[in-house]
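Quick note, the sequences are listed as chains A and B, same order.
Taking this note's numbering, the leading residue of the first sequence gets 21, the next gets one more, and so forth.
Taking this note's numbering, the leading residue of the second sequence gets 21, the next gets one more, and so forth.
Notes follow the structure.
There are 2 protein chains.
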Amino acid sequence: MAEWKNLDTLEAYKVLMESDHRVDLREVLAGDAGAERVKNYSVPMACGMTYNYASKQVDEEVLGMLADLAKESDLEGKFKELYNGAMINTGEKRLVLHHLTRGQLGDDVIADGTDKRAFYTGEQAKIAEFAAKVHAGEICNADGEKFTTVVQIGIGGSDLGPRAMYIALENWARANGKLLMDAKFISNVDPDDAVSVLETIDVAHSLFILVSKSGTTLETLTNEAFVKNALVSRGLDPSNHMLAVTSETSPLASNSGYLAAFFMDDYIGGRYSSTSAVGGAVLSLAFGADVFDAFLKGAAESDKLAAQADPMANAAMLDALIGLYERNMLGYESTAVLPYAQALARFPAHLQQADMESNGKSVNRFGEPVDYVTGPVIFGEPGTNGQHSFYQLLHQGKSIVPLQFIAFRENQSGIDVDIQGSTSQKKLEANVAAQIVAFACGKADDNLNKNFEGDRPSSIIVGDKLTPETLGALLAHFENKIMFQGFLWNLNSFDQEGVQLGKVLAHETEGALAEYSKLLDI
Amino acid sequence: MAEWKNLDTLEAYKVLMESDHRVDLREVLAGDAGAERVKNYSVPMACGMTYNYASKQVDEEVLGMLADLAKESDLEGKFKELYNGAMINTGEKRLVLHHLTRGQLGDDVIADGTDKRAFYTGEQAKIAEFAAKVHAGEICNADGEKFTTVVQIGIGGSDLGPRAMYIALENWARANGKLLMDAKFISNVDPDDAVSVLETIDVAHSLFILVSKSGTTLETLTNEAFVKNALVSRGLDPSNHMLAVTSETSPLASNSGYLAAFFMDDYIGGRYSSTSAVGGAVLSLAFGADVFDAFLKGAAESDKLAAQADPMANAAMLDALIGLYERNMLGYESTAVLPYAQALARFPAHLQQADMESNGKSVNRFGEPVDYVTGPVIFGEPGTNGQHSFYQLLHQGKSIVPLQFIAFRENQSGIDVDIQGSTSQKKLEANVAAQIVAFACGKADDNLNKNFEGDRPSSIIVGDKLTPETLGALLAHFENKIMFQGFLWNLNSFDQEGVQLGKVLAHETEGALAEYSKLLDI
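Below is the structure:
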């Protein structure tokens, strides 16, 4: 059994905190030694991708201390307990099984009298069969016409992850004859969200997926009412157009109001549900079950690498350790995720949830306050767009923000133009390479307004192309990174009490709340 | 003439920094006094909106010190110099005239032999005339058919602001018969960005606006090549489909390759250009020039209020002062912008640019390093979506993140459903009210994992409805807030050397760059 201890009780942490050894990127990246460093500071990831950390403020000495920390914290052992079905989510007393949706890493996990791997693959098979019938026109609307659009109704993890994954693969699918249905998303309780989707789709040819684990999420049920109104007002029967993704015990589970119900369970947290039925239904309908399957394979390959004990062979663990070093030792408060791929436009928003909801906590897994900082603020936008915007602060602001770049060698559509001697894709890549070096090395100028101090750390993940496989691998990399950081900080990364407040407030606040309600004319 | 001095040379700043007076929101918001505070801590904004700061960590004493700071820093006088045409952009030696695009606040501004107000309104009139002809079908495609879609090609300020404004008004326009053309945006040099837009629009019925002040922005010219290819491959003549928004001296200005050219100048920074021809062309084509005009009127009304000396009558100035207090006195590093309106989905991304590109700097307006922190990291997503995601960290994380809520009393479409005794819109508003109180007051629980400490500060801007007028007012509020903060920090908020790096790197870094290029297969 792994020992769960606060970070500041570990010897390796004390050694790290007492060390005054610091790496200056301007020195280590200069000249031939710098080139050598870029060549060597890489760890292989799944699906042929690479995690390169040459522009992080680490060297052999720091890495050695971080490896000691990984060992003392027993990151390998903790992950092993997790995938073998220990009750890792201490707050809610639940297993944490999202890895099992995409592969069998360890022992069979039997819970509630069920083999959970069989349960997840069973739901995938049901979804695949259903999607194939929809694509073949066997499941169709009342006029016998094919459905062309699928609309996911969900919020939080039922929205951000699946939406980010859909957007990530839409171009790829169009270029590869795999865009079988358009997907849209309704999430916000703001009525204008549902209205804007419903007024711009062909409702008569749309399938709606209601996603709610409990079947009682207020936003989602409100939006379901919107959708049902829209169907009824067009003379359509909602039960021909709606399906549910929910738990087996929810009121949506065996309900004649739905064409079908696909199941998840309490062991899949919302923000980790893209590889479960929550992502599976919408992605299989949009792209086909084979594409969803390839996505799962990529994630499974990442998970396998994450099970390695040695951080130098485990990119997710190394990424986690370096992030912890930046947060706890170097004191950086936020991290920017900067994909040089427009298809990853919403990937930072998904990671913002995945990371901040998992590790934005102040008590450890036993409910005791911790005396060290935990998860950072996460934000980001795709490059090169960000270069023309908030990179100003990243380069010249008073605070240092560590950067996580992502880039690919080829674009998704295969379509490109050649301008001034290179393609758009190569310009995109040249930009990210130059930015990394500029952030790290800076640029001296006598005019201090044009001076760039440098020593601003970044890493880059590089892949050949953003495909279902590499997307799955990328997603799992970050999920596992966040998990390892939670282990290091001794947090329960799998509950979210902080998103469950706001309904029951204390009595003393009634007056203030009433005045705010008056201001808002509620 | 205003005196430009570093923040830490001001007496009022020293008084603030030496004061150990702190406000605890849990105390000041309790009971009847708390209700009274919510009622009173409001400042009127333009277009009937309100800035309420009852849940900020300030009281009469702090506000008094901040008012002294505003006075000593001569914020009123500095804004007056700016709108009267002083050379406020010291780095690039330029005037700062975006206020003049929407009204005449002070003296006539004559620059380069031109009355600049007349220049901006003249371009607006040219755009209005052009848009009316497009809408009437007088300007049409080669087959004599009306254009139905307008595509903006631009990056940074030519993209984020206009895109955020378009998305903000799309629902409103649809509900009010004002959605005259669909608008799309191409920005990234990633070829898949242009491809995904071009493959999902009706190119033969599309107008393309090329936006580049210099006419030489690489991303934008590359994307123009994409668009021209798409037109030519369909047998269409690009010069019938393209217009330019550029400066009078750019290669795009008098070019027979474009249907028309509308002009901006060097006195409008990209991130402040939504009210210039950069926003004017696309918004007037999408919604009609009358809608763009209403948007300008809202902005002008905000600007007028921002010219007041007293921060208690000047919401932008007060917002700026409280933000500075949080950043420099309380040490908070980032700020979240949280609009409870799905239509403002991209408004935080625009503010991220506006704020971080303006004030993410380490040297003052004279090019000397400053010894105090400056602009914060800005991020945000619409509520209630964020509540199911990163609010975890905001409520229970180790770092305190000040929050800027925005909400409206009515939705844009006027369509709604009634569920469990209230409409979606009222649920949306009830959520934001409860969140503000929860953040400020917390909620005690013996289980520390469910305990909310509170004392987490927020403000809220409330309006009746998001319309062209209130959107303009909101935009100008934040522009002016950022301007006042720049004055306080003694920065030049109107240049952006940090986004102009990345092309010429120092010689010592060539080896590292070459290795990164190899990794990326460039």
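The C-beta atom is built at its ideal place from N, Cα and C for all residues, glycine as well.
For this session: Measure the alpha-carbon distance for V397/A versus L189/A and round it to whole angstroms.
Result: Their Cα atoms are separated by approximately 26 Å.
Problem set entry | Endpoints, the alpha helix (DSSP H) within which I456/A is located | Note, I456/A: alpha helix (DSSP H), S444 to C461.
For this session: Establish whether the CB of V421/A and some CB of chain B are separated by less than 8 Å.
Result: So yes, V421/A belongs to the interface.
Exercise. For chain A, is any of its Cβ atoms less than 8 Å away from the one on S293/B?
Worked result: Chain A has no Cβ within less than 8 Å of the Cβ of S293/B.
For this session: State the beta-bridge partners of S419/B as determined by DSSP.
Result: Paired residues: none, contrary to the question.
For this session: Give me the Cα-Cα distance between I342/A and F504/B, rounded to the nearest whole angstrom.
Result: For I342/A and F504/B, the distance between alpha carbons rounds to 38 Å.
For this session: Could you name the residues of the same chain whose beta carbon sits closer than 8 Å to that of M107/B, not counting the 5 residues immediately before and after it, in chain order?
Result: Excluding five sequence positions before and after M107/B, the CB atoms of its chain that fall closer than 8 Å to its own CB belong to K113, R114 and L115, given in chain order.
Exercise. Based on Cα-Cα distance, which residue from G176/B, G531/B and A363/B lies nearest to Q432/B?
Worked result: With distances taken between CA atoms, Q432/B lies nearest to A363/B out of G176/B, G531/B and A363/B.
Problem set entry | Residues of the region 247-273 of chain A with Cβ closer than 7 Å to any Cβ of chain B, in chain order | The residues in question are N249.
For this session: Put K538/A into one of helix, strand or coil per three-state DSSP.
Result: DSSP places K538/A within a helical segment (H, G or I) once states are collapsed to three.
Exercise. Is there contact between the region 457-465 of chain B and the region 315-326 of chain B, where contact requires at least three CB pairs shorter than 8 Å?
Worked result: No: the two stretches stay apart, fewer than three of their Cβ pairs being nearer than 8 Å.
For this session: Just tell me which of V393/B, T242/B and D375/B has its CA closest to the CA of M349/B.
Result: Comparing Cα positions, the closest option is V393/B.
Exercise. For the alpha helix (DSSP H) that contains G84/A, what are its first and last residues?
Worked result: Here the alpha helix (DSSP H) through G84/A covers E80 to S93.
For this session: Report the neighbours of V383/A on chain B: residues whose CB is nearer than 7 Å to its CB, in chain order.
Result: Close to V383/A, with beta-carbon spacing below 7 Å, are these residues of chain B in chain order: L468 and N469.
Exercise. According to DSSP, is R183/A helix, strand or coil?
Worked result: Residue state, collapsed to three classes: helix.
For this session: Quick one: residues in its chain with C-beta nearer than 6 Å to the C-beta of A193/B, no 5 flanking neighbours on either side, listed in chain order?
Result: A distance below 6 Å between beta-carbons, with the five flanking residues on each side excluded, links A193/B to the following residues of its chain, in chain order: L199 and F307.
For this session: Give me the Cβ distance between L263/B and Y278/B, rounded to the nearest whole Å; I'm assuming they're in contact under 8 Å.
Result: So it is a contact: roughly 5 Å between Cβ atoms.
For this session: In angstroms with no decimal places, state the Cα-to-Cα distance between G126/A and A314/A.
Result: Spanning the two alpha carbons is a distance of roughly 21 Å.
Exercise. What are the partner residues of D135/B, as DSSP defines its beta bridges?
Worked result: The partner list for D135/B (beta bridge, DSSP) reads I130/B.
For this session: Under the assumption that N26/B contacts N510/B (Cβ atoms under 8 Å), give the Cβ distance between them as a whole number of angstroms.
Result: At roughly 5 Å, the Cβ-Cβ gap stays under 8 Å, so N26/B and N510/B are in contact.
Problem set entry | Inter-stretch contact (C-beta, 8 Å, three-pair minimum) for the region 82-93 of chain B and the region 511-518 of chain B | Not touching, per the Cβ criterion.
Problem set entry | Stretch pair the region 289-306 of chain A + the region 177-187 of chain A: three plus CB contacts closer than 8 Å | With a cut-off of 8 Å, the region 177-187 of chain A and the region 289-306 of chain A count as touching, because enough Cβ pairs lie within range.
Exercise. Taking just the CA atoms, how far does Y352/B sit from Y312/B?
Worked result: The residue asked about is misnamed: residue 312/B is Phe in this sequence, not Tyr. About 37 Å.
For this session: Please name the residues in the region 182-216 of chain B whose beta-carbon is closer than 9 Å to at least one beta-carbon of chain A, in chain order.
Result: For the region 182-216 of chain B, the beta-carbon criterion of a distance under 9 Å to any beta-carbon of chain A is satisfied by E190, N191, W192, R194, A195, S207, N208, V209, D210, P211, D212, D213, A214, V215 and S216.
For this session: Could you have a look at F13/A and say whether DSSP puts it in helix, strand or coil?
Result: Any answer about residue 13/A is impossible in this case: the structure gives chain A only from 21 up to 542.
Exercise. Just curious, the beta strand (DSSP E) that T355/A is in, first and last residue?
Worked result: Residues S354 to Y360.
Exercise. With distances taken between CB atoms, is the gap from A336/B to H497/B smaller than 8 Å?
Worked result: Yes. Within cutoff.
Problem set entry | Nearest candidate by alpha-carbon position, reference Y33/A, set L486/A, L344/A and D475/A | Scanning L486/A, L344/A and D475/A for the CA closest to the CA of Y33/A turns up L344/A.
Exercise. Is there contact here, the region 422-432 of chain A with the region 469-481 of chain A, by at least three beta-carbon pairs under 8 Å?
Worked result: Yes: at least three Cβ pairs fall under 8 Å.
Exercise. For the alpha helix (DSSP H) that G68/B lies in, which residues bound it at each end?
Worked result: Counting along the chain, G68/B falls outside any alpha helix (DSSP H), and DSSP gives it neither H nor E.
Problem set entry | Option nearest N109/A by Cα separation, candidates G506/A, D52/A and Y140/A | Checked all of G506/A, D52/A and Y140/A; the closest Cα to N109/A is G506/A.
Problem set entry | Ranges of the alpha helix (DSSP H) found wholly within the region 336-390 of chain B, counting only runs of at least 4 | The region 336-390 of chain B contains these whole alpha helix (DSSP H) runs: 367-379.
Exercise. With distances taken between CB atoms, is the gap from I542/B to A74/A smaller than 8 Å?
Worked result: In this structure, A74/A does not lie closer than 8 Å to I542/B by Cβ.
For this session: Determine the DSSP secondary structure at V170/A, reduced to helix, strand or coil.
Result: V170/A falls in the strand class under three-state DSSP.
Exercise. What does a CB cutoff of less than 6 Å around L117/B pick up in its chain, not counting 5 residues either side in sequence?
Worked result: For L117/B, where only same-chain residues beyond five positions count, the Cβ hits under 6 Å are K136 and Y287.
Exercise. Does the beta carbon of Q372/A sit closer than 8 Å to a beta carbon anywhere in chain B?
Worked result: So yes, Q372/A belongs to the interface.
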